[in-house]
Structures are given as structure tokens and as C-alpha cells.
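K.L.:
Going by our numbering, 261 is the number at position 246 of the sequence shown; the sequence numbering is gapless.
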Amino acid sequence: TSFLQFSIQYCSIALLYYDYVLTFGMEVKYMWSERFRLSTALYIFCRYGLVANIVYLLTIAGKITLTVSFSDCDAGYKISSALSVLGRFAIIVVWGGRTWAVCGKNRYILAFFGIIGLLIMILDIVPTSFLHPITIADRTIVGGLLSIFMVIFEISSATITTSRAIQALRVSGPWGAQKKGFMYLLLEQGTHSLNSPFSNTTYSIRQASCISRFLQRLLNAITLPLSGMMTARFLLHLRKWEAKHKAFASKNGGSIEEHSTGMDFASAPNQGGTRSALDMEFGEDPVHRARNRGIDLISMGEIAETRHRDSDSDY
16 TSFLQFSIQY CSIALLYYDY VLTFGMEVKY MWSERFRLST ALYIFCRYGL VANIVYLLTI
76 AGKITLTVSF SDCDAGYKIS SALSVLGRFA IIVVWGGRTW AVCGKNRYIL AFFGIIGLLI
136 MILDIVPTSF LHPITIADRT IVGGLLSIFM VIFEISSATI TTSRAIQALR VSGPWGAQKK
196 GFMYLLLEQG THSLNSPFSN TTYSIRQASC ISRFLQRLLN AITLPLSGMM TARFLLHLRK
256 WEAKHKAFAS KNGGSIEEHS TGMDFASAPN QGGTRSALDM EFGEDPVHRA RNRGIDLISM
316 GEIAETRHRD SDSDY
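Below, the structure is given as C-alpha cells:
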């Protein structure tokens, strides 16, 4: 069992650091070369596994033997657990906020994901609390509820986001002409993110089946860090698109707001104070945006046709 535990930890760490090496160039270019924003903090929290998994590995290897004075748990376990809480918080904010934005900032969507997210954070913090230790039986119940609510949250978010992206693509025109557009990027990232919820679904079912706590802790080394890794990649792709979008807008002499997709975090500066900080971070509804663009194109066509007729009548 010890060999299996160490093997899974090594595999998890190798995967996380391999992905980090692959995306390090993008991180430097699109994260650290820009001003610090909310999405920057969320990105840092999503990468929690780079530190937490190392700390946990050193703890189970007996290299970190410090204990907390007011708790029977080793300091290494507490540190890794606290970092995982921050990582889960970032995942909830990113996907909850993203879903709220693509649904036109619907209050019911906000209430649903807000309540589920709050329950998840409470269930995540309770087992790691320094002041209120709980029994093994209670930990099993809390762990099962946590995994179930997390699966509901992630699957709901990924499904809604993907469906809204598909609707926006249909409104905007042929899919083949939009493969380099932001709507297609959102659909692609949303589809990839479904891999994380489905893996967590299996984890949830196994927890609900009352498997041993040892196997549950083994799976913890993969499930949440993988969700954090994929969320961090999503944020990087948003920043990459934002940089290309700004370059395109400046090259064509238009404002960022005029050409904005309204789909990325902090995609446009506040114009005359009309956009709130949340609007700047989470964007707007892609379907509404696509329909408005279609109306604008029709209006421009009608104006051009009217001008052409007026010029013909002058002759």
C-alpha cells in the first residue's frame, strides 16, 4: 500500500510539473507581463498542486515531522490541505463566474452556483479545521458530500458553458469560418474541461460506495490537482486570446470595446465607468453578443445599400 501511495504521488507531481513546463512560456508572457488582476490570483491558486503535492509527499515520507500545537495532525498535512482549499476556491470562482457571464449574468444561475459553491467550501474547510476536529465516520460523510456537490458544480458549469458556446456559434454563422474565433476557443476549452468532472464523477461514486479512506486519499492526489491544472490552462488561453484580440483591434484602428468578444477576463478597460469590475472580469453573454453583431452587420448592409441607391438617383 505504501508503494502504491508513493507511486500515485510521483505520477501526480510529474504530470503537474510537466504541464507547468509546457505552459511556462505562456505564463510569463500573458500573466506576469501584464498588470496583476483577479484572474492572476485565481491562476496562482489553481497551480496550488505544484506546492501542495510536494509538501504532502514529504510528509508521508517522514521528512516533515512538525506538529501543530492545537491539533494532532502534522503540519505538512495542514499546509497541503489549506492549499487545496485555495485551489478549490479558485476553481469554483473561475467556472462559476464564467457560467454566470455566458448566461447573461442571470440571477438564478448566480444563486445556484453561489449556493453550491458555498456548500463546497464549507465541506472542504470542516475536515481541515484546527479547532473542530471530527471523527473518521464524519470525515467519510463530509468527503462523500463534498465530492458529490463538486461533481454537480463542475458538470453543470461545463454543460451550460458548452451549450451557450454552441448557440453563439450557430448564431454567428458557419462553424468552419469560426475555428480561430473566441467562440470556438470557449467551446474547445469547455469540452476539454468535461474530462475533469467525469473523472470526479467516478471518484464521487466510489466515495458514495463507502470505499476505504486510504483509497479516497489516493484519488485526492489526482482529481483536484487535475481540475486546477485544466482551469489554469483555461485562464492562460483566455489571456492569450485577449492579447491577440487587443493587437487586432489596435491594428485595425478600432477600440477594444468595439471589437470585444466580451468573453474573456478583463478583456476591455472601463469605458466611461459604464462597466463594473465584475463585467470586466467575467465578460458577457456570447449569444446576446453574437446576435447584436448580426443586427449590426444587417444595419451596416442596409445603410450601404441606401447610400448606393442615393448615388444612383443623383445621376
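Ideal placement from N, C-alpha and C gives every residue a C-beta, glycine not left out.
#1: Am I right that Q24 and L57 are in contact with their C-beta atoms under 8 Å? What's the rounded C-beta distance?
#2: Near R248, what residues of its chain come up, given a Cβ to Cβ distance below 7 Å and the 5 sequence neighbours on each side ignored?
#3: Taking its Cβ as the centre, do 16 or more other Cβ atoms sit within 10 Å of T80, making it buried, or is it exposed?
#4: How many angstroms separate the CA atom of I131 from the CA atom of F168?
#5: In or out: L250 buried (at least 16 other Cβ within 10 Å) or exposed?
#6: Put I156 into one of helix, strand or coil per three-state DSSP.
#7: In the DSSP assignment, the alpha helix (DSSP H) including V141 goes from what residue to what residue?
#8: Between which two residues does the alpha helix (DSSP H) carrying M41 extend?
#9: Starting from the C-beta of I94, find all residues in its chain whose C-beta is less than 7 Å away, skip the five residues before and the five after it, and write them out in chain order.
#10: Just tell me which of Y45, I181 and D139 has its CA closest to the CA of I156.
#11: At which residues does the alpha helix (DSSP H) containing G111 begin and terminate?
#12: Restricting to Cα atoms, I'd like to know which of L30, G112 and S17 is closest to I237.
#13: Between the Cα of L65 and the Cα atoms of V43, C26 and S48, which residue gives the shortest distance?
#14: In this structure, how does DSSP classify L125 when only helix, strand and coil are distinguished?
P.N.:
This is what the structure gives:
#1: For the purposes of this step, residue 24 is identified with residue 9 of the sequence shown, where counting begins at 1. For the purposes of this step, residue 57 is identified with residue 42 of the sequence shown, where counting begins at 1. Their Cβ separation, rounded to whole angstroms, is 25 Å, which puts Q24 and L57 out of contact at 8 Å.
#2: As a first step, residue 248 must be located in the sequence shown, where it is residue number 233. Same-chain partners within the cutoff: T38.
#3: The residue labelled residue 80 in the question sits at position 65 within the sequence shown. It counts as exposed.
#4: Here residue 131 is taken as the residue at index 116 of the sequence shown, counted from 1. Here residue 168 is taken as the residue at index 153 of the sequence shown, counted from 1. One alpha carbon belongs to I131, the other to F168, and they sit about 7 Å apart.
#5: In the sequence shown, counting from the first residue as 1, residue 250 sits at position 235. Classification for L250: buried.
#6: Counted from its first residue, the sequence shown places residue 156 at position 141. I156 carries a helical assignment under DSSP once its states are collapsed to helix, strand and coil.
#7: On the sequence shown, position 126 is the one that residue 141 refers to. Run containing V141: none; DSSP gives neither H nor E here.
#8: By one-based count along the sequence shown, residue 41 stands at place 26. Here the alpha helix (DSSP H) through M41 covers S17 to E42.
#9: Against the sequence shown, residue 94 aligns to sequence position 79. The residues are V70.
#10: Start at 1 with the first residue of the sequence shown, and residue 156 comes out as number 141. Taking only the C-alpha atoms, the option nearest I156 is D139.
#11: As a first step, residue 111 is located in the sequence shown; it is residue number 96 there, counting from the start. Per DSSP, G111 belongs to the alpha helix (DSSP H) from A90 to V117.
#12: Counting from 1 along the sequence shown, the entry for residue 237 is found at position 222. Nearest of L30, G112 and S17 to I237, Cα basis: L30.
#13: In the sequence shown, counting from the first residue as 1, residue 65 sits at position 50. Minimum Cα distance to L65 is reached at C26.
#14: Stepping through the sequence shown from its first residue, residue 125 is reached at position 110. It is helical.
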